[in-house]
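>
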Amino acid sequence: MNKKLVIIGAGSGGLCAAISAYKHGTHDILLIEQDQETGGILNQCIHNGFGLHTFQEELTGPAFAQRLKDEIAQLPIDIWLDTCVTNITKEKMVICQNKNGIHHIQAQAIIITAGCYERSQGAIALTGHRPKGIYTAGQAQKYLNQDGYLVGKNVFILGSGDIGLIMARRMSLEGAKVYGVAEIMPYSNGLKRNIVQCLDDFDIPLYLSHTISNIFGKDKLEAIEISPVDENRQIIPNQAKRFNVDTLLLSVGLIPENSLIYQLGLPLDTKTKGPIVDEFLQLLPGIFAAGNGLHVHDLVDHVASEARQAGINASLYLENKLSNKPMIQIIPGENVSYCVPQFFHQDSSGFKLSLRVKLPMPKAKLQFFDDNKLLKEQVMMNLFPAEMVTYQISADVLASISTKLTIKAVMINE
Amino acid sequence: MNDIIIIGGGIIGAFIAHDLSRYKLKITLLEKDNDVANETTMANSAIIHTGYDPKDGSLKADLNVEGHRLYPQICKDLEVPYQQIGAYIVAFNDEDEKNLAILKQRAIARNIPYEELTPEQFLIVEPLLNPQIKKVLSFPTTAIIDPMQTCAALIDVAITNGVDVRLNQEVISITDTTDGYLVNTQDHSYATRYVINCAGINSAKVARMIGDDSFDITYRKGEYYVLDKKASYLTKHIIYPCPSKMGKGVLIVPTIHHNILLGPTAFDVEKDDDVATSITGLQEVRQKAQKIIPNIPFDLVIRTFAGLRAKGSTDDFIIYENNQHSHFINVAGIDSPGIASAPAISRYVINNFFHDLQLKENYTIKRRGYYHFDALDEASKARLIAHEPKFGHIICRCEKISEQEIIDCIHRPLVPRTLKAIKKRLRPGMGRCQGGFCAPLIIKIIAKELNIPEDQVCYDAYESKILCYESKGDDHE
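If you're matching them up, the sequences are chains A and B in order.
Sequential numbering of the first sequence, starting at 171, is according to this note's numbering.
Sequential numbering of the second sequence, starting at 63, is according to this note's numbering.
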C-alpha cells in the first residue's frame with residue numbers, strides 16, 4: 171500500500187498534524203492509532219484547563235479531544251485503530267499490525283506523534299519492597315476516570331509533576347485521603363496553577379527536597395517513608411517520616427516513546443530522550459516528530475501547535491519546498507537544559523524554539539550566541555523548569571550565525 | 063491418601079513434581095503463594111553454570127555438572143528458551159589469577175570446556191570490558207534460561223500427568239500418622255506417605271515441624287538492577303568477577319530476553335520476607351559492576367529487585383531422608399548453583415529415596431511453548447493472524463505481546479490468575495514502561511477469560527486486588 175503521509179499516533183498531536191496537513195494540501199493521509207479510539211491520553215484527563223490557547227476556552231481533556239475528533243471526521247482521512255506500528259525504515263516504509271494482518275505502507279512522508287510514557291518505580295530505582303499498591307499517576311488516572319475504580323483510599327504521591335497533582339485532587343474528590351506529595355527538587359515540577367488548585371485548596375502538604383526512602387509491605391503496600399535530601403539529592407539519614415498508606419502514586423517524569431526512532435538507529439537527545447530534529451521537526455528528510463514523542467510538553471495547546479506545524483512542514487516537504495542547505499547546531503548553554511530543534515538550516519527564515527531552563531528564575535535574559543559572540547538578548551519573566559519556554563527566533567539572528575548557536579539563560583537579580 | 067506431598071512450588075519442587083508425575087503415584091504439591099516460582103526462582107541470575115565453581119567432592123559439584131548436561135533436552139521438551147552464551151571470569155590481579163587457576167583445575171577434572179583469554183583476545187569480543195582486566199577464563203558452555211517460565215512449564219506437565227497443585231496452601235504443621243504424615247495448612251490437612259520438603263528459604267522451618275533441627279537456613283539477600291534492552295550492547299557473555307566466600311560476586315548477565323542484569327549482592331538478613339532493595343545494596347551493585355564494565359548506562363535502568371537465596375548451614379546442598387522420620391525427605395540449602403543443578407537434584411532425590419516406581423501407561427514429558435509472536439517471521443505472523451485475529455492486537459507495547467498470546471497463556475493447566483503470574487510467564491509489564499499501559503488491558507483480559515469481575519483480579523498475592531473501590535459514578539446519591 172502507498173500513502174503520501176502516514177501519521178503514527180492519533181492523540182492530540184496526531185489529530186492536529188493530520189488536520190493541518192490536510193488543510194495544507196496533503197489529502198492522502200493514513201493516521202494509525204494503537205488504542206481503540208483516537209484522542210490519546212486526553213480521554214482520561216477529565217479535569218478542565220485544556221484549550222485556552224487553542225480554542226480560547228477552558229475545556230476538559232475529552233472535550234478538547236472531541237473537538238479534534240469532530241473536525242477530523244469531516245475530512246476524508248483514513249484512521250486505523252487498534253493498530254501497532256512495529257517498525258519504520260529510513261526509506262519511509264511503515265510496518266504495522268492489527269487484527270487484519272501485517273501491513274507494509276510505503277509513505278512519502280511520516281509524522282511520529284507517538285506520545286510518551288511515565289517513568290516507573292523501576293526507572294527511578296526506588297528502594298524498599300515492591301508490593302501491590304504502587305502505580306504511575308497516569309495508570310491510576312485511567313483506572314479511575316475510564317474504568318471507574320479507585321486503586322486505594324490512603325494515598326501518598328511522589329513527584330510534583332502535573333499528573334500527580336491532578337491525581338491528588340481527583341483522589342481527594344473521590345473520598346481518598348492524600349497525605350502529601352514529595353518532590354526531590356527544591357521547587358515544584360508542576361504548573362503553578364495546579365499546585366494552588368490541586369494541593370493548596372485541599373490542604374495537601376507538598377514536601378520539597380524530599381523523596382521516598384523506604385517502602386513497606388511484601389504483598390500489599392502498608393507504609394512508605396519519606397526523607398529529606400541534601401543539595402546533591404542524596405537522602406539525609408535519620409529524618410524519615412512514615413505514612414501508613416495503601417497507595418503510592420508516581421509522577422516522576424515522562425519519557426518520549428522513542429522506540430521507533432531507536433530502531434531507526436538514530437541518536438536520541440540525551441536530555442529530552444526524544445529524537446534530534448531540525449527546525450522543520452525532521453529527524454530525517456521527510457520523517458517528522460512532534461508532541462510528547464519529540465519532547466515532553468506541559469500543555470496540550472503546545473502539543474497541538476507543534477503538531478500543526480509538523481503537518482504544514484510535511485506538506486511543504488511533499489511539495490519539495492523544504493531547505494536542504496547545510497545545517498547549524500543549536501547548543502543549550504548556561505542554565506538551559508535542552509533546546510528543540512537541535513539543528514537548523516543555514517537559510518532558515520525563522521522558527522519557534524522550545525527550551526527548558528535548569529532552575530527557577532523570576533527574571534532572566536535569554537541570550538543567543540554565535541560561538542562566543544552575543545547576537546541578541548531578550549528579557550523574560552518567570553522562567554521555571556516545569557514550564558516550557560517558547561521563543562520565535564527571527565531570520566536576521568539566524569543569518570548572522572556562522573559556527574553554532576548557543577542559547578543561555580542568565581538570571582537577573584534585582 | 064497421597065503417596066507424596068511436595069512442599070514448595072519453586073524450581074526444585076517443580077522438577078521433582080514433573081519427574082515423579084510419570085509414575086503411578088498420587089502426588090500433591092503445596093505452594094504457600096498465589097503462584098509458583100514466586101520466591102528464589104523468581105529473583106536470581108538465571109544462569110546454567112557449567113559446574114567449575116563448587117568444591118571437589120561436594121554434592122553441588124556433581125549435581126551442577128549433571129544439571130547443566132540435562133538442561134538443553136529438557137528445555138527442548140518444554141519448549142522454553144535456553145541459550146548457551148558463555149561466561150567470562152575476569153581476573154584483575156595476581157590473587158584473582160591464582161583463583162582462576164583453581165577453577166581451571168576443577169574444569170579439567172570435571173571435563174568442562176574452558177578457554178584462557180588474554181586482553182588482546184577478550185577485548186576483541188567484549189570491547190567494553192575494563193582494560194585493566196589481566197586475564198579471562200572463558201566457559202563457553204555456560205547458558206541462560208528463564209527460570210519462571212521453565213518452572214511454570216514443569217508444573218504444567220506435572221498437572222497434565224495428574225499432579226494436584228494447590229496454591230495458597232501454607233504448611234503450618236506436620237504430624238506423624240501410623241502410615242505416614244498429616245500435612246496441615248492454614249485450612250486443609252493432607253494425609254501422605256511421603257513428604258518432600260522443597261520449601262526453599264522456609265525449608266528449615268518445615269523440617270523443624272517434625273523436630274528436625276539438624277540444619278539451618280540463612281536468608282541471603284541479593285539485589286539487582288535490570289537494564290532496558292537498549293543496553294544489550296554491553297556484553298554478549300555473562301561476566302563474573304573471581305568468586306569469593308560470599309558467592310560469585312556481582313555479575314553482568316545478559317538475560318534470555320535481551321535485558322542486562324546487574325547483581326547480586328550477598329547480604330544475610332533476619333526475616334524471610336525481607337526482599338526490600340536498599341540504597342547501600344544498589345550502590346554496591348553499581349560500583350562493582352562499573353569495575354568490570356566502566357561505562358554502564360544507568361539511565362536505562364527499568365527495574366530493581368531483590369531476592370533471598372537459601373544458604374544452607376553445611377555449605378552444600380542438604381538432601382537426605384530423615385533417619386527418625388522415614389519417608390520425610392529434605393531438599394534444602396539450594397542456593398547457587400541451584401537453578402543449574404535443579405534437574406539433577408530431582409533425579410538424585412528419585413534415585414536415592416524412591417524405589418520400584420512404576421511408569422504410568424500414559425504420560426507426557428512435553429508441552430507446547432508459549433507463542434512468541436514478535437519473534438516469528440512475517441509469513442508466520444500473517445498466518446497466525448489469519449487464523450486468530452487477536453494475534454494482531456498488541457497489548458504490551460514494549461515487549462510486543464499480543465492479546466492471543468496472553469489468552470493462550472491463561473488457558474494452561476496451572477491457570478495464571480494474576481497480573482504478576484502473566485508477567486512472569488510472558489513478560490507483559492517487564493519492558494521500559496513496566497506495565498503502565500498494558501496492566502489495565504491485561505486486567506480486562508484476565509477477567510474475561512476467567513469469567514470473573516474485573517475488580518477481583520489480583521496483582522500477585524491472594525486478595526491483592528488492584529481495582530479496590532468503585533468510583534462514585536452516576537448512581538451516587
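Note that the Cβ used here is the ideal one computed from N, Cα and C, for glycine as well.
Would N462/A pass as an interface residue toward chain B - the criterion being a Cβ-Cβ separation below 7 Å?
Chain B contact via Cβ: absent.
> Closer than 9 Å, Cβ to Cβ, to anything on chain B: give me those residues from the region 530-559 of chain A, in chain order.
The region 530-559 of chain A vs chain B, Cβ under 9 Å: nothing.
> Among residues of its own chain, excluding the 5 on either side of C186/A, which ones have a beta-carbon nearer than 6 Å to its beta-carbon?
A474, A477 and R478
> Which of helix, strand or coil does DSSP assign to L536/A?
Of the three classes helix, strand and coil, the one that applies to L536/A here is strand, per DSSP.
> Between the Cα of K86/B and the Cα atoms of E128/B, D118/B and G224/B, which residue gives the shortest distance?
For K86/B, the nearest C-alpha among the options comes from G224/B.
> Just tell me which of L199/B, G148/B, R228/B and G262/B has its CA closest to the CA of K298/B.
It is G148/B whose Cα lies nearest to the Cα of K298/B.
> Are the Cβ atoms of G181/A and G219/A separated by less than 7 Å?
Contact flag unset, no.
> Under 7 Å, do I374/A and A352/A count as touching if we go by C-beta distance?
no
> Could you check if A338/B is buried or exposed, using at least 16 other CB atoms within 10 Å of its CB as the buried criterion?
buried
> How many angstroms separate the CA atom of H319/B from the CA atom of N490/A?
43 Å
> Hey, is H538/B's beta-carbon within less than 7 Å of any beta-carbon in chain A?
For H538/B, the pLDDT reaches just 45, beneath the cut-off of 50, and the residue's location in the model is therefore unreliable, leaving the point undetermined.
> Checking contacts by CB at 7 Å: is K269/A closer than that to chain B?
yes
> Interface residues of chain B around S379/A at Cβ under 7 Å?
Near S379/A there are no residues of chain B at all, since even the closest Cβ is about 17 Å away, more than 7 Å.
> Which same chain residues, not among the five before or five after R365/B, have their C-beta less than 6 Å away from its C-beta?
V288
> CB Q316/A to CB Q214/A, shorter than 7 Å?
yes
> Out of curiosity, what's the CA-to-CA distance linking L523/A and E449/A?
8 Å
> Kindly say whether G284/B, judged by its beta-carbon, lies nearer than 7 Å to any beta-carbon of chain A.
False, the Cβ-Cβ gap to chain A never drops below 7 Å.
> Quick check: is the beta carbon of E344/A nearer than 7 Å to any beta carbon in chain B?
yes
> List the residues of chain A whose Cβ lies closer than 8 Å to the Cβ of T366/B, in chain order.
G292, A295, L296 and T297
> Does the beta carbon of P202/B sit closer than 7 Å to a beta carbon anywhere in chain A?
no
> Have a look at I447/B and C266/A and give me their C-alpha separation to the nearest angstrom.
In this structure, the alpha-carbon of I447/B lies about 13 Å from that of C266/A.
> Quick check on E288/A - is its C-beta less than 7 Å from some C-beta in chain B?
yes
> Let me check understanding here. Comparing Cα to Cα, which of M171/A, L296/A, K543/A and S507/A lies closest to V527/A?
Checking every option, the nearest Cα to that of V527/A belongs to S507/A.
> Taking Cβ positions only, does Q352/B come closer than 7 Å to chain A?
no
> List the residues of chain A whose Cβ lies closer than 7 Å to the Cβ of Y521/B, in chain order.
K302
> Have a look at E539/B and A235/A and give me their C-alpha separation to the nearest angstrom.
The pLDDT assigned to E539/B is 41, lower than 50, so where the model puts this residue is not dependable; a value taken from the coordinates is nonetheless given after this. Rounded to whole angstroms, E539/B to A235/A spans 30 Å at the Cα level.
> What does C495/B reach in chain A if we use C-beta pairs closer than 8 Å?
Y287, E288 and S290
> Considering only residues of the same chain and omitting the five flanking positions on each side of C458/B, which have a CB-CB separation below 6 Å?
P490 and C500
> Counting only the same chain and skipping the five closest in sequence on each side, list residues whose C-beta sits under 6 Å from that of I405/A.
S383, S397 and V399
> Shortest alpha-carbon distance to Y256/B belongs to which of G400/B, Q345/B, Y382/B and H473/B?
Y382/B
> Of all the CB atoms in chain B, is at least one closer than 7 Å to the CB of Y319/A?
It does: the Cβ of Y319/A has a partner Cβ on chain B nearer than 7 Å.
> Where does M558/A sit, in a helix, a strand or coil, going by DSSP?
DSSP places M558/A in the coil class of the three-state scheme, outside both helix and strand.
> Could you pull out every residue in the same chain whose Cβ sits closer than 6 Å to the Cβ of G493/B, ignoring the five residues on either side in sequence?
C460 and E461
> Measure from the alpha carbon of M210/B to the alpha carbon of each residue in P475/B, E440/B, A99/B and I66/B, then state which is nearest.
A99/B
> Please go through the same chain and pick out, in chain order, the residues whose beta-carbon is closer than 6 Å to the beta-carbon of H273/A, but skip the five residues on each side of it.
Excluding residues within five positions, the ones whose Cβ falls inside 6 Å are C266.
> Comparing C-alpha positions only, which one of Q226/A, G322/A and K535/A sits nearest to V415/A?
G322/A
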